[in-house]
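The structure appears below as C-alpha cells.
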Amino acid sequence: MVRKVHPIGLYLIVYVVLLLLLVLTVWISFFDLGRYANNSIAMGIGCVKAFLIVLIFMHMKYERWITWYFPAAGVVWLCIMIGLTMTDYLTRNHPPQSSPKGEPVLLSER
Amino acid sequence: MTRTAHERPAYVAQQFEDFEQQTHSATLGMWTFLSTEILFFGVLFVSYMVCRTRWPDAFRQGSRDLILWIGVVNTAVLLTSSLFMALAVRAAGLGNQRGLITFLSLTLLFGLMFLGFKGYEYSLDVREQLVPNYNFSTLSPAEAAKPPARRQLRPAKECLFMVFYFIMTGFHALHMLAGVGVLTVLLIMSARGRFTAECHNPIEIAGLYWHFVDVVWVFILPALYLLRNG
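Protein sequence lines, in the order shown, are assigned to chains A and B.
Numbered by our numbering, the letters in the first sequence go through residues 198 to 307 in order.
Numbered by our numbering, the letters in the second sequence go through residues 3 to 232 in order.
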C-alpha cells in the first residue's frame, strides 16, 4: 500500500502548536503596533497556521511532488490577483477618503 | 484482459492501472477543486483589502464591533474538529473501525458546534443592529441609551465592512454545511463497514476538504476579527 500511517503524537503536537499560535495572534491584536505591523503579524501568523494544516493534517508533506503543483497553481494566481490589484489601488494619486481619479462616483457618495 | 481477478481487487475502478494510481488521481482531483476554491475565497479577500485600505477607520471600527470571543472560540473548535478528522483518516488507515466511527462523530460534533456558535453570533449581530440592508444603524443600542451629547456614532462605511463580514462568513458556513453533509454520509457508510485499511479513499478526500474549510477560517479570523488596531 502507498499510504503510511503516521504516529498520533505528530498530530497532537501540531494541534497544540496551532492553539498556541491562535492565543499568540489574539494576544498581539490587543496592542497597537501601527497599522502595517498589526496587519502583517496577524496575516503572517495565519499563513504559518495554514501551512501547518496543509503540511501535516492534509498530508502534503508525504505527497509526491506533482501534487504540490495543484495548490501552488491556486496560490500563484491569487498572488497575481492581489499583486496587480494592490499596485493599482495603493499607488493612486488621490487623498484618502476621496473618490480616486477615473473611478465612477458611487450613488451614496453624491 | 490479461489481468486475473486476484491481481485486481474489486475496489479498483476499470480505468486505473492499479489502486495506487486511483488513490493518486483522487487526491489530485480534490486538490484541483481546492485550488479553484482558493481563488473563490481569494476574490473576497482581495476586494476586502481594497476597501479596507480605502476606508481604514470605518473598517477598524467594524473589526472592533465584532464579538471577538466567539471568533476565537470558533477557531479553537474548528482546529479541534480538524484534529479529529486527521485522527479519523489515521484510524481508517489502521483498519480501526471503532476509532474511525468515533473520530468521524467527534469531527461532525465539533463542526456542528461551530455552526451553532456562528448562528448565535449572527443573532447577536442582529440585536446590535449591524445587519446591512436589514437593520444597520450608525447608532448602536448601547449608544442610543446614552444622553445625546455623549453618543458616538458608527462610521457609515462600517456598513460595507458588515457586508464583507456576512458574505465571507456566510460562504464559509455554507462550505461547513456541505462538509457536515459529506461527513454524515461517510459516517453511515463506515457504520456499515464500507471502508477497509486498504480502501478508504472517500475518508481521505473528505478530510482534505474539511481541512481546507478550516484553512479558510484561519485567514478569516485575523482579517475580520483581529485587525482592531489595523
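Heads up, the beta-carbon is just placed ideally off N, CA and C, and yes, glycines get one too.
Exposed unless 16 or more other CB atoms sit within 10 angstroms - verdict on residue i
| i | result |
| --- | --- |
| A:R289 | exposed |
| A:P268 | buried |
| A:L209 | exposed |
| B:N203 | buried |
| A:G206 | exposed |
| B:L229 | buried |
| A:T284 | exposed |
| A:V273 | exposed |
| A:G271 | buried |
| B:L188 | buried |
| B:W57 | buried |
| B:R156 | buried |
| B:R100 | exposed |
| B:E22 | exposed |
| B:R62 | buried |
| A:R261 | exposed |
| B:F197 | buried |
| A:F248 | exposed |
| B:M3 | Confidence at B:M3 is low in this model, with a pLDDT of 47, below 50, so its placement is unreliable and the value that follows should be read with caution. So B:M3 counts as exposed. |
| B:R92 | buried |
| B:L2 | Examination of residue 2 of chain B is not possible in this model, given that chain B is present from 3 through 232 alone. |
For residue i, the first and last residue of its enclosing alpha helix (DSSP H)
| i | result |
| --- | --- |
| B:F138 | First-last for B:F138: undefined, no H or E at that position. |
| B:H26 | 21–56 |
| A:P268 | 262–286 |
| B:T82 | 70–96 |
| B:L102 | 99–129 |
| A:R232 | 232–249 |
| B:M164 | 160–193 |
| A:D229 | That residue, A:D229, is in no alpha helix (DSSP H); it is neither H nor E in DSSP. |
| B:G232 | No alpha helix (DSSP H) holds B:G232; DSSP gives it neither H nor E. |
| B:L210 | 203–222 |
| B:A144 | 143–146 |
Residue i vs residue j beta-carbon contact at 8 Å
| i | j | result |
| --- | --- | --- |
| B:S83 | B:Y227 | no |
| B:L41 | B:M170 | no |
| A:L216 | B:A90 | no |
| A:Y212 | B:L85 | yes |
| B:E130 | B:S142 | yes |
| B:V217 | A:V251 | yes |
| B:L81 | B:M178 | no |
| B:L68 | B:Y136 | no |
| B:A28 | B:G97 | no |
| B:E238 | B:F214 | The structure shown has nothing for residue 238 of chain B, since chain B only spans 3 to 232. |
| B:A193 | B:I103 | yes |
| B:L2 | B:A208 | There is simply no residue 2 of chain B to check, as chain B begins at 3 and stops at 232 in what is shown. |
| A:I242 | A:L275 | no |
| B:M87 | B:W212 | yes |
| B:V74 | A:L230 | no |
| B:A60 | B:F163 | yes |
| A:N235 | A:S226 | yes |
| A:L287 | B:T140 | no |
| A:A239 | B:G44 | no |
| B:A225 | B:Y50 | yes |
| B:L114 | B:V182 | yes |
| B:G95 | A:V214 | no |
| B:L30 | A:T264 | yes |
Residue i Cβ short of 7 Å to the ligand FMN heavy atom set
| i | result |
| --- | --- |
| A:L221 | Questions concerning the ligand FMN fall outside what the structure shown contains, since it holds no ligand whatsoever. |
Worksheet item: What residues in the segment 51–69 of chain B have a beta carbon less than 8 Å from any beta carbon of chain A?
Response: M51, V52, T55, R56, W57, P58
Item to complete: Return the residues of the segment 80–100 of chain B that lie within a Cβ-Cβ distance of less than 9 Å from chain A, sorted by chain order.
Response: L81, T82, S84, L85, M87, A88, L89, V91, R92, G95, L96
Worksheet item: Closer than 9 Å, Cβ to any Cβ of chain A: which residues of the segment 117–148 of chain B, in chain order?
Response: none
Worksheet item: Using Cβ-Cβ distances below 7 Å, what residues of the segment 206–225 of chain A are close to chain B?
Response: Y208, Y212, L215, L216, L219, T222, V223
Discussion item. Counting only Cβ-Cβ distances shorter than 7 Å, please list the residues of the segment 198–222 of chain B near chain A, keeping chain order.
Written reply: E200, L210, H213, D216, V217, V220, F221
Discussion item. Can you pull out the residues from the segment 265–282 of chain A whose beta carbon lies closer than 7 Å to at least one beta carbon of chain B?
Written reply: F267, P268, A270, G271, V272, W274, L275, M278, I279, T282
Practice prompt. Pull out every residue of the segment 150–179 of chain B whose Cβ sits closer than 7 Å to any Cβ of chain A, in chain order.
Written response: none
Practice prompt. Compile a chain-ordered list of the residues in the segment 32–45 of chain B whose CB is closer than 8 Å to at least one CB of chain A.
Written response: W33, T34, L36, S37, T38, E39, I40, L41, G44, V45
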